[in-house]
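Heads up, the sequence shown is in the numbering used here, so the first residue is -19 and it goes up one at a time.
Even glycine gets a Cβ: it sits at the ideal position worked out from N, Cα and C.
The structure appears right after this line, and notes come after that.
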Amino acid sequence: MSKLYFIPGSQDLYGDECLAQVREDCAKMVAFFNEKLGDVVEFVLMPTVETSRICVEDMRAAMNDDECVGVITWMHTFSPAKMWIKGLQILQKPLLHLHTQANEKLPYDLIDMDFMNLNQAAHGDREYGFILAKLGIPHEVVAGYYEHEDVLAGIRRFAEVAKAIGFSKNLRIATFGNNMRDVAVTDGNRLEAEIKYGWEVKYWGIGEIAKLADEAEEAEVDAKMAEYTSKYIMDTDNIDAVREQARYEIAFEKFLQKNGCCAFTDTFQDLFGMKQLPGIAAQNLMAKGIGFGPEGDYKISAFSSVLMKMAENREGATGFIEDYTYDLTPGKELELASHMLEVPASFARTQPKIQVHPLGIGNKADPARLVFDSVTGDGIQVTLIDLGDHFRIICADIELVEVPHPMPNLPVAQIMYRHKPNFRIGTAAWCYAGGAHHSVVSTSLTRDDIAMFARLTGTELIVIGDDTTDADLQKFYM
-19 MSKLYFIPGS QDLYGDECLA QVREDCAKMV AFFNEKLGDV VEFVLMPTVE
31 TSRICVEDMR AAMNDDECVG VITWMHTFSP AKMWIKGLQI LQKPLLHLHT
81 QANEKLPYDL IDMDFMNLNQ AAHGDREYGF ILAKLGIPHE VVAGYYEHED
131 VLAGIRRFAE VAKAIGFSKN LRIATFGNNM RDVAVTDGNR LEAEIKYGWE
181 VKYWGIGEIA KLADEAEEAE VDAKMAEYTS KYIMDTDNID AVREQARYEI
231 AFEKFLQKNG CCAFTDTFQD LFGMKQLPGI AAQNLMAKGI GFGPEGDYKI
281 SAFSSVLMKM AENREGATGF IEDYTYDLTP GKELELASHM LEVPASFART
331 QPKIQVHPLG IGNKADPARL VFDSVTGDGI QVTLIDLGDH FRIICADIEL
381 VEVPHPMPNL PVAQIMYRHK PNFRIGTAAW CYAGGAHHSV VSTSLTRDDI
431 AMFARLTGTE LIVIGDDTTD ADLQKFYM
């Protein structure tokens, strides 16, 4: 179970009675959080920071606990911020500054200086906020009474993002083949990605998967086929092609598990030993939370895996998608975002069909794939690009819509969405910002989730939505 360490602040000048009350109030608060948010993370109360030594001990404990994904701090009383410096310099995990009070309302008839000294978050949290700004430490601030729903929602979001960042720090990506030849945006500095996000990008030849697929036993393939027929509609007579995909998925599962990888890439320019381009295999694995990027796109493979982890407790769909083509009917502009094959099955609105059709690229046998219509509703489209001297996240608000007309000759999963605030501004902003053709689409996450991830990882963020104007386009270009 992931943990959040709760570290309150005070000082040793207030006396034992005051400090005992601080501990009692914090224990009550942590118990409340575990009751309300325990489905996401466990809250652990740490010793009150009264001196710099205690602060260092608390932060070391957080860093040494692999189950701790982040730290929440709150100044119950005034806590001189110099005592926090050494401890904060140790902390390398997500930090939430909770700006709250033990009491919701002031006891106007009874308030005295003892009450003031005990309940002075307005004083202590400002001192603490200054030192965070002085040290340049990325952090999140949630302000309000801790029992209020908006505050709980903010803490829940922080917990989910912190878990995703913890997952990111230990993420290994298997790249089968290299970046697709001559494609720019999918490439990047893998060393910098590991330094910033923790992503270990490892290379293997696709022949590793081909060998494991050939070695798959018939009983294993039969079991995988039973999984497919229990989840999907078999809409093809070419069962051999489907069984070949089952072999690929078995091979990927074995390889990823053995090598501790939660994401992978491939490219149709490097399919040595493979009879088909992986279709159902990739689609089904993505529906299980495995990150994927085509064309050797390790960034979107890793990013999709991280965002799926962030969204795992929420309803909706999250996963890789690729921009393809438009309907430019005036005032009704839509984008058809699909891919040759690899659209996650988690986006299916109805039960997907297994079909086999020619691919027209890659010079391989006709691959089996899942064909379906997409879920609908408000969502976001997010991508991560490498600009050489820094990474940039671009997050656009979109609306997923039903396909307006049947497309019987397009044998791939079909996702359509409307750009916000409109097609002209939304797509121009994406292009000005350098947005990739590979992205993560989610009906589970919002731009607030992505903004928090960007803040806590120190990543530049550009957002596009109903509040984006023509005047903003020049800013994106800069």
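Within the stretch 307 to 366, complete beta strand (DSSP E) segments of at least 3 residues are found at 314 to 318, 333 to 336, 348 to 351 and 357 to 366, given in chain order. Burial check for Ile(-13): the Cβ neighbour count within 10 Å reaches 16 or more, so the residue is buried.
Cys(-2) sits in a helix when the DSSP states are folded into three classes.
By the CB criterion at 8 Å, Leu257 and Pro324 fall outside the cutoff. For Val21, same chain residues with a beta-carbon under 6 Å away, outside a window of 5 residues either side, are Ser(-18), Leu(-16) and Ala139 in chain order.
Going by DSSP, Lys143 is part of the alpha helix (DSSP H) stretching over Glu129 to Lys149.
Nearest neighbour of Ala203 by Cα position, chosen from Glu229, Val29, Glu180 and Thr216, turns out to be Glu229. CA-to-CA, the gap between Leu390 and Thr305 works out to about 12 Å.
Per DSSP, Ile444 is one residue of the beta strand (DSSP E) stretching across Glu440 to Ile444.
The three-state reading of DSSP puts Gly187 in helix, counting H, G and I together. Scanning its chain for C-beta atoms nearer than 7 Å, with the 5 sequence neighbours on each side dropped, one finds around Gly276 the residues Thr155, Gly157, Asn158, Asn159, Met160, Thr166, Thr245 and Thr247, in chain order. Contact between the stretch 415 to 428 and the stretch 296 to 311 is present: three or more C-beta pairs spanning the two stretches fall below 8 Å. In the three-state reduction of the DSSP assignment, Val10 falls in the helix class. With respect to the 8 Å criterion, Leu265 and Leu132 are not classified as neighbours on the basis of their beta carbons. The stretch 30 to 48 and the stretch 116 to 130 do not touch, with fewer than three beta-carbon pairs separated by less than 8 Å. Looking at the backbone, the Cα of Asp5 and that of Met432 are separated by about 28 Å. Relative to Ile213, the option among Ser285, Arg106 and Leu350 whose CA is nearest is Leu350. About 17 Å separates the beta carbon of Phe352 from that of Pro384, a gap too long to meet the 8 Å contact definition. Closest option to Phe95, judged by alpha-carbon separation, among Tyr(-6), Gly187, Glu440 and Met63: Tyr(-6). Ile153 is a Cβ neighbour of Ser281, given a cutoff of 8 Å. Apart from sequence neighbours up to five positions away, the residues of its chain that approach Ala291 with a beta-carbon distance below 7 Å are Thr298, Ser422, Ser424 and Leu425, ordered along the chain.
Rounded to whole angstroms, the separation of the alpha carbons of Val141 and Lys182 is 25 Å. At least 8 Å separates the beta-carbon of Ile395 from that of Asp450. In the DSSP annotation of this structure, the continuous segment of the beta strand (DSSP E) that includes His77 starts and ends at Leu75 to His79. Per the coordinates, the alpha-carbon of His79 lies some 13 Å from the alpha-carbon of Phe58. Within the same chain, Cβ atoms closer than 8 Å to the Cβ of Arg137 are found at Asp428, Asp429 and Met432, the five residues on either side in sequence being excluded. Here His370 is not near Glu313, since their CB atoms are 8 Å or more apart.
Counting every other CB atom within 10 Å of its CB across the protein chains shown gives Ile175 a total below 16, marking it as exposed. In the assembly as shown, Met93 is an exposed residue. Its beta-carbon has fewer than 16 other beta-carbons within 10 Å. The alpha-carbon of Met254 is positioned some 18 Å away from that of Glu198.
Check the Cα spacing between Ser210 and each of Asp250, Glu127, Glu188 and Ile334: the tightest is with Ile334. According to the DSSP assignment, Val222 belongs to the alpha helix (DSSP H) that extends over Ile219 to Lys238.
Within the stretch 17 to 89, the runs of alpha helix (DSSP H) at least 4 residues long that lie entirely inside it are, in chain order, 32 to 44 and 65 to 70. Its chain contains Phe352 and Asp353 as the residues whose beta carbon lies nearer than 8 Å to that of Thr330, once the 5 sequence neighbours on both sides are disregarded; these appear in chain order. Look at Ile430 here: in three-state DSSP terms it is helix. Under the three-state reduction of DSSP output, Val201 falls in the helix class.
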